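Asker: From first to last, the protein sequence lines stand for chains U and A.
Position one of the first sequence corresponds to residue 345 (my numbering), numbered consecutively onward.
Position one of the second sequence corresponds to residue 353 (my numbering), numbered consecutively onward.
Take this structure first; my questions come after.
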Amino acid sequence: DLFGGAPRFLTRPKAFAVCVGRDATLSCTIVGNPVPAVTWEKEKLRLTSGGRFKMVEDGDVYRLTIYDLTLEDSGQYMCRAKNPVGEAYAAVTLKVALPAE
Amino acid sequence: TQHLKGTPPKIEALPEDISIEKGKVLTVACAFSGDPLPEIVWSRSGRTLPTEEESNRFHIETTDDLTTLIITSVKENDAGAYTLKLSNELGSDTATVNISIRSM
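Here it is, written out as C-alpha cells:
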C-alpha cells in the first residue's frame, strides 16, 4: 500500500450554499490509519470552532460550516489532515455572492 | 469561423504553501475542471514528475476532477516549488505549490 495509513482525501472539499447571509458548509471525506487530525485554514490562519465557524466530524466526513456569510468570507480554504504516517492537503475556493434579486 | 465546444481547463484550488516532516507521506490534492479532460502534468524545475530515478517515491493519481501528488518517504531536498499544468485544445491553466520540510 502506497499510503501505509497516511491520510488521503476520498472526496475533495466542496462548498455548498454561497450567498451573503446564508451558511456555507465545506465538506470532504478523509481516511487514514490512525484516524487523522483535521484542521482548516484560511489565508494561513487556522480556523477554530466558535463564533461563526463550526467544525464537525461524522465518521470519515469532515465539515466546516461558516454561518451568516459575508463577502469577506470569499477566498481559499485549505484542509489539512495529519497523522503519524503523513499529511494530506486540499483546498477549496469559496465565492460568496450577493443574493440574486 | 469554427467554434470549439467544451471548456478550457481550470484549477479550482491548489494550496500555496504546505509543509511536511522528513520521512512522512505527503499528499496534495487539487480539484480541476475542463472539457475535454485536460492533460495533466506535475513538474518541478521543468522536469515532469515522477522522474525516472524517483518513480518509487513520487506518484500522481488522477480522477475526473481531482489530481493528487503523492510523495512517500519525504526527503530534505524534496522542498521546493511544484507546478501543476492542465491543458486541452481550448487552453491551459497553471498553479504552483511550495513544499517545505519541517524538522521534527
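Where is the CB? At the ideal position from N, CA and C, for every residue including glycine.
Only a predicted model underlies this, so the values are computations on that prediction, with no experimental measurement involved.
Under 9 Å between beta-carbons, which chain B residues line up against U:Val429? List them in chain order, please.
Answerer: The structure shown contains no chain B; its protein chains are U and A.
Asker: Just how far apart, CA to CA, sit A:Leu366 and U:Arg407?
Answerer: Along the second sequence, one-based indexing puts residue 366 of chain A at 14. Along the first sequence, one-based indexing puts residue 407 of chain U at 63. Looking at the two C-alpha atoms, the distance is approximately 19 Å.
Asker: Could you check what DSSP says for U:Leu415 in three-state terms: helix, strand or coil?
Answerer: To locate residue 415 of chain U, count along the first sequence from 1; it is residue 71. U:Leu415 falls in the helix class under three-state DSSP.
Asker: Would you check if the distance between the CB atom of A:Ile423 and the CB atom of A:Glu413 is smaller than 8 Å?
Answerer: Here residue 423 of chain A refers to the residue found at position 71 of the second sequence. Here residue 413 of chain A refers to the residue found at position 61 of the second sequence. Against a cut-off of 8 Å, the Cβ pair of A:Glu413 and A:Ile423 comes out as no contact.
Asker: Could you tell me which chain U residues have their CB closer than 8 Å to the CB of A:Ile453, listed as they occur along the chain?
Answerer: Stepping through the second sequence from its first residue, residue 453 of chain A is reached at position 101. None at all; the shortest Cβ gap to chain U is about 12 Å.
Asker: Against chain U, does A:Leu418 count as a neighbour if the rule is that its beta carbon must be under 8 Å from one of theirs?
Answerer: Here the question's residue 418 of chain A lines up with position 66 in the second sequence. Closer than 8 Å to some Cβ of chain U, the Cβ of A:Leu418 qualifies, so yes.
Asker: Could you tell me whether any Cβ in chain U is nearer than 8 Å to the Cβ of A:Ala433?
Answerer: Reading the second sequence from its first residue, position 81 is the one you call residue 433 of chain A. For A:Ala433, the answer is no, since every Cβ of chain U falls outside 8 Å of its Cβ.
Asker: If you reduce the DSSP assignment to three classes, tell me which class A:Asn429 lands in.
Answerer: By one-based count along the second sequence, residue 429 of chain A stands at place 77. Looking at A:Asn429 - three-state DSSP - the assignment turns out to be helix.
Asker: Please state whether the Cβ-Cβ distance between U:Asn427 and U:Pro357 is less than 8 Å.
Answerer: By 1-based counting over the first sequence, the position of residue 427 of chain U is 83. By 1-based counting over the first sequence, the position of residue 357 of chain U is 13. No.
Asker: Compute the Euclidean distance between the alpha carbons of U:Arg390 and U:Met399, then round it to the nearest angstrom.
Answerer: Here residue 390 of chain U corresponds to residue number 46 of the first sequence, with the count starting at 1. Here residue 399 of chain U corresponds to residue number 55 of the first sequence, with the count starting at 1. Cα to Cα, U:Arg390 sits roughly 12 Å from U:Met399.
Asker: Interface residues of chain A around U:Tyr406 at Cβ under 9 Å?
Answerer: Counting from 1 along the first sequence, the entry for residue 406 of chain U is found at position 62. Correct list: empty, because the minimum Cβ distance to chain A is about 13 Å.
Asker: What does the alpha-carbon distance come out to for the pair U:Pro378 and U:Asp345?
Answerer: On the first sequence, residue 378 of chain U is found 34 positions in, with the first residue counted as 1. On the first sequence, residue 345 of chain U is found 1 positions in, with the first residue counted as 1. When rounded, the distance between both Cα atoms is 15 Å.
Asker: Would you report the Cα separation of A:Glu428 and A:Lys376, rounded to the nearest angstrom?
Answerer: Position 76 of the second sequence, counted from the start, is the residue given in the question as residue 428 of chain A. Position 24 of the second sequence, counted from the start, is the residue given in the question as residue 376 of chain A. When rounded, the distance between both Cα atoms is 11 Å.
Asker: For a cutoff of 8 Å on Cβ pairs, would you count A:Thr424 as touching chain U?
Answerer: Counting from one through the second sequence, the residue named residue 424 of chain A turns up at place 72. Yes, because at least one Cβ of chain U sits closer than 8 Å to the Cβ of A:Thr424.
Asker: Span of the beta strand (DSSP E) holding U:Met399?
Answerer: Here residue 399 of chain U refers to the residue found at position 55 when the first sequence is read from its first residue. Here the beta strand (DSSP E) through U:Met399 covers Phe397 to Asp402.
Asker: Does the contact criterion of 3 or more C-beta pairs under 8 Å hold for the region 394-408 of chain A versus the region 356-365 of chain A?
Answerer: no
Asker: Run through the DSSP bridge pairs and tell me what A:Asp445 is partnered with.
Answerer: Counting from 1 along the second sequence, the entry for residue 445 of chain A is found at position 93. In the DSSP output, where bridge partners are listed per residue, A:Asp445 has A:Leu438.
Asker: For chain U, check one thing: does any of its Cβ atoms lie closer than 8 Å to the Cβ of A:Val393?
Answerer: As a first step, residue 393 of chain A must be located in the second sequence, where it is residue number 41. No, because no Cβ of chain U sits closer than 8 Å to the Cβ of A:Val393.
Asker: List the residues of chain A that U:Val436 touches, going by C-beta distances under 9 Å, in chain order.
Answerer: Here residue 436 of chain U is taken as the residue at index 92 of the first sequence, counted from 1. Simply Glu364, Ala365 and Ala383.
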